[in-house]
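*Asks:* Taken in order, the sequence shown gives residues 65 to 231; the numbers are from my numbering.
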Amino acid sequence: MFILLVLICALIPRSSFAQDTAAAGAIKGTVVTSAQQRVPDVAICIPALGRCEVSDTRGAFTITDLRADEYALEVSAAGRPVLPLSIPVRAGLDSVIEIALPDAQTIEENVTVTAPLFVAAEEVKTSGFLVSAADVAQSAGALQDVSRYVQSLPGAVIGTDDFRNDL
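1) Mark V160 as exposed unless 16 or more other C-beta atoms lie within 10 angstroms of its C-beta, in which case mark it buried.
2) What residue ranges within the stretch 136-168 form continuous beta strand (DSSP E) runs of no fewer than 3 residues, ordered along the chain?
3) Would you say the stretch 93-110 touches the stretch 124-138, given that touching needs at least three Cβ pairs under 8 Å?
4) Using only alpha-carbon positions, find the residue among R102, L207, P166 and V175 that is nearest to L147.
5) Taking only beta-carbon positions, decide if L217 is within less than 9 Å of chain B.
6) How big is the Cα-Cα spacing for E134 and G89?
7) Run through the DSSP bridge pairs and tell me what V221 is partnered with.
8) Please report the distance separating the alpha-carbon of E138 from that of I163.
9) According to DSSP, what are the bridge partners of G89?
10) Suppose contacts are defined by Cβ-Cβ distances below 9 Å. Is A107 in contact with V118 by that definition?
11) Please report the residue range of the alpha helix (DSSP H) in which R212 lies.
12) Take V103 as the anchor and find which of P111, A112 and D120 has the nearest alpha-carbon.
13) Would you say R115 and A132 are within 9 Å of each other, going by their C-beta atoms?
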């Protein structure tokens with residue numbers, strides 16, 4: 065058994081354990097204000113991968129080891145709303161970007177809430193046939209009793225043998 069294990073380990077090439085990084089790209093960039101001042105401590109996140117990087121004191125950041133794809137970024141700075149971006153990454157290349165944060169004074173948030181008007185139904189329909197109070201009152205054999213009226217409908221029968229008048 066030991067000889068078989070040693071033989072298997074010797075035949076498996078060591079390159080199969082290596083990580084393929086040739087097709088990986090990166091997103092590099094800086095975060096600036098609209099006045100071109102660099103902004104430190106800004107979180108740049110890729111929510112789909114669960115990865116975040118924070119810009120350094122010069123506003124620079126790097127997100128490495130990304131496969132070729134288009135990534136949705138979320139840029140969040142203190143006291144500002146989250147800024148969504150979409151950045152393409154090519155295999156073996158670095159996507160260099162500059163993220164310009166808008167001024168906090170120029171950002172407006174409007175929330176409009178609308179709801180449909182609630183209208184209560186005149187009668188609640190709980191079965192396939194709707195019985196109104198006027199129908200029960202006009203029925204001669206029902207004697208203003210809902211149970212007797214329902215039993216007079218086609219296909220309705222008394223469900224018990226004791227002839228009680230319960231619904």
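Glycine included, every Cβ here is placed at the ideal spot set by N, Cα and C.
*Replies:* The answer reads as follows:
1) exposed
2) 147-153 and 158-165
3) yes
4) P166
5) The chain inventory of the structure shown lacks chain B, comprising one protein chain alone.
6) 11 Å
7) None, per the DSSP bridge assignment.
8) 11 Å
9) L130
10) yes
11) V210 to Q215
12) D120
13) no
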